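K.L.:
Residue numbers (the working numbering): 918 to 1125.
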């Protein structure tokens, strides 16, 4: 079979759109497919950034207060992969502020290795997930289907040790290698004028 892959990017791609939604931004970097050796430190890096204990939530929601929701994930599929970060802007803040704050957090990962305690916490989360996905027949079946579709069902038994073997130096290396301006696509969404007016009217009605 012939598979057409995306050519190596040479420039950032951007899309600006209006939608009946809260202002938000999506940043996607081209990375690696399923089974690639760099997919494991990238998955670890995504977990360092994600959830309410991750760097993005602490940095953008709690400290800077420019976002209400933010998340990151590495998507490794059969032929290609990408790293996706989504952020929703807080009222009074623009998607551009969220985007810039995301880049600042990514730069920290390039400049300094993840501390041992933070890295171990993430690895513990992966170990717990590896246990849960094999806890009964139904999740085992779903995981086998997923891994086989991605490329190799044997990964269900092999991924756990590979995640635990990831070092802080590897996380820093992939951050420097893949999170560059030329490799990213950015989509920003702002609220349509009509939607802004309706939201303002709703606030006024609540006050009265």
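Virtual Cβ for every residue (Gly too), placed ideally from N, Cα, C. Everything numeric in this text was worked out from a predicted model, so none of it was measured.
Where does residue 1007 sit, in a helix, a strand or coil, going by DSSP?
P.N.:
Reduced to three states, the DSSP call for residue 1007 is coil.
K.L.:
Can you name the start and end residues of the beta strand (DSSP E) that residue 935 belongs to?
P.N.:
Element bounds for residue 935: 930-936.
K.L.:
Taking the straight line between their C-alpha atoms, what separation do you get for residue 958 and residue 942?
P.N.:
Straight-line Cα distance between these residues: approximately 24 Å.
K.L.:
Using CA atoms only, rank isn't needed, just tell me which of 998, 976, 961 is closest to residue 1068.
P.N.:
Comparing Cα positions, the closest option is 998.
K.L.:
When burial is assigned at 16 or more other CB atoms within 10 Å of the CB, is residue 1009 buried or exposed?
P.N.:
Residue 1009 comes out exposed.
K.L.:
Where do the N-terminal and C-terminal ends of the alpha helix (DSSP H) with residue 1076 fall, by residue?
P.N.:
Here the alpha helix (DSSP H) through residue 1076 covers 1072-1081.
K.L.:
Of the residues 1065, 1018, 1045, which one's Cα is nearest the Cα of residue 995?
P.N.:
Nearest of 1065, 1018, 1045 to residue 995, Cα basis: 1065.
K.L.:
Using DSSP with H/G/I as helix, E/B as strand and the rest coil, what is residue 941?
P.N.:
Reduced to three states, the DSSP call for residue 941 is strand.
K.L.:
Looking at C-beta atoms only, is the number of pairs between the stretch 942-955 and the stretch 1088-1106 that lie closer than 8 Å three or more?
P.N.:
Flag = yes, the stretch 942-955 and the stretch 1088-1106 touch.
K.L.:
Put residue 1066 into one of helix, strand or coil per three-state DSSP.
P.N.:
DSSP places residue 1066 in helix when its eight states are reduced to three.
K.L.:
Does the beta carbon of residue 1076 sit closer than 8 Å to a beta carbon anywhere in chain B?
P.N.:
In the structure shown, chain B does not exist; there is a single protein chain.
K.L.:
If we ignore side chains and look at the alpha-carbon of each, how far apart do residue 971 and residue 1098 end up?
P.N.:
Cα to Cα, the separation comes out at about 23 Å.
K.L.:
Per DSSP, residue 1001 forms a beta bridge with which residues?
P.N.:
Paired residues: 945, 990.
K.L.:
On the three-state DSSP scale, how would you describe residue 967?
P.N.:
Coil at residue 967, not helix or strand.
K.L.:
Please classify residue 1103: does DSSP put it in a helix, a strand, or coil?
P.N.:
Here residue 1103 sits in strand by DSSP.
K.L.:
Going straight from the alpha carbon of residue 1091 to that of residue 1005, what length do you get?
P.N.:
One C-alpha to the other measures close to 25 Å.
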